[in-house]
Amino acid sequence: PKMVVIGDDKQVSPSAVGVDQQQLRDLANMFIHDDPYKESWVNPQRSYFDEANMRFGGRITLTEHRRCVPEIIGFSNRVAYEPEGIRLVPVRQFGAERLEPIKVVYLSDGYESGSKTNEVEAQAIVDQIRKCLVEPHYDGATFGVVSLLGKEQARLIERKLLDSVAPEEMAARQIRCGDASD
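Mapping to our numbering: the sequence shown position 161 is 491, numbers consecutive.
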């Protein structure tokens, strides 16, 4: 009779890649034909959180955040939560010896091309990862590149990495590039 659905509407929504929407419609007609919300159930772009919020409301916002470093939580606060009067509070403690989680670098000659890529930024990221790969502080570390510019930028960075980092190193360090939904 009761259920808890945990989610966050500020996070990335599900993608419908590879989902056969006709199959979803057929299943909905078979099993939930009389559900007044049937049409939203067959939309693979919506999460269970979206559905529960639409049907029941009554959200409780948890503000204590345990997974990310304070700098990442601060970024999320600025771009997503504070404009709605919400502030996430980091509760996890980190030692002084930790690596710097965010480093802002301004590239004066960077620009976004018509193909939603920034060649200068991509090369700077590849150069920085290559430096990190030989830095003792990063021994055994894995690397992920999240492009807020989009999938094309992530692909460009990945191609550049594949051209300049040995395949064995790419595999050992589990180097991945993608956009926020990846």
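All C-beta atoms, glycine included, are put in the ideal place defined by N, C-alpha and C.
Within this structure, are the beta carbons of residue i and residue j separated by less than 7 Å?
i: residue 474; j: residue 428; result: no
i: residue 354; j: residue 372; result: yes
i: residue 402; j: residue 395; result: no
i: residue 282; j: residue 477; result: With the chain covering 331 to 512 only, the question about residue 282 has no answer from this structure.
i: residue 494; j: residue 456; result: yes
Out of curiosity, what's the CA-to-CA distance linking residue i and residue j?
i: residue 375; j: residue 359; result: 19 Å
i: residue 503; j: residue 480; result: 23 Å
i: residue 516; j: residue 335; result: Outside the displayed range of the chain (331 to 512) lies residue 516, so it cannot be described from this structure.
i: residue 450; j: residue 361; result: 52 Å
i: residue 357; j: residue 388; result: 29 Å
i: residue 500; j: residue 439; result: 28 Å
i: residue 431; j: residue 380; result: 31 Å
i: residue 458; j: residue 509; result: 19 Å
i: residue 413; j: residue 423; result: 26 Å
i: residue 332; j: residue 386; result: 11 Å
i: residue 454; j: residue 497; result: 20 Å
i: residue 408; j: residue 337; result: 19 Å
i: residue 400; j: residue 472; result: 20 Å
i: residue 492; j: residue 460; result: 11 Å
i: residue 426; j: residue 466; result: 17 Å
i: residue 417; j: residue 405; result: 11 Å
Who are the Cβ neighbours of residue i in its own chain at under 7 Å, not counting the five residues just before and after it?
i: residue 452; result: 483, 486, 487, 490
i: residue 468; result: 462
i: residue 446; result: 479, 480, 482, 483
With a threshold of 8 Å on Cβ separation, who are the neighbours of residue i within its own chain once the five nearest residues in sequence on each side are excluded?
i: residue 351; result: 372, 374
i: residue 442; result: 448, 479
For chain B, is any of its Cβ atoms less than 7 Å away from the one on residue i?
i: residue 476; result: Absent from the structure is chain B; it holds one protein chain and no more.
Can you list, in chain order, the residues of its chain whose CB lies under 6 Å from that of residue i, leaving out five sequence neighbours each side?
i: residue 340; result: 410
i: residue 378; result: 335
Next item on the list: Output the residue ranges of the alpha helix (DSSP H) runs that lie fully inside the region 351 to 408 and measure 4 residues or longer, sorted by chain position.
Entry: Segments of the alpha helix (DSSP H) lying fully in the region 351 to 408: 351 to 361, 368 to 371, 378 to 386, 400 to 406.
Margin query: As an exercise, report each continuous beta strand (DSSP E) stretch of at least 3 residues that is fully enclosed by the region 464 to 488, in chain order.
Written below: 474 to 477
Next item on the list: Note down, one range per segment and in chain order, each alpha helix (DSSP H) of at least 4 residues found wholly within the region 424 to 467.
Entry: The qualifying runs are 449 to 464.
Checklist line | Stretch pair the region 359 to 371 + the region 428 to 437: three plus CB contacts closer than 8 Å | finding: Too few Cβ pairs lie closer than 8 Å, so no.
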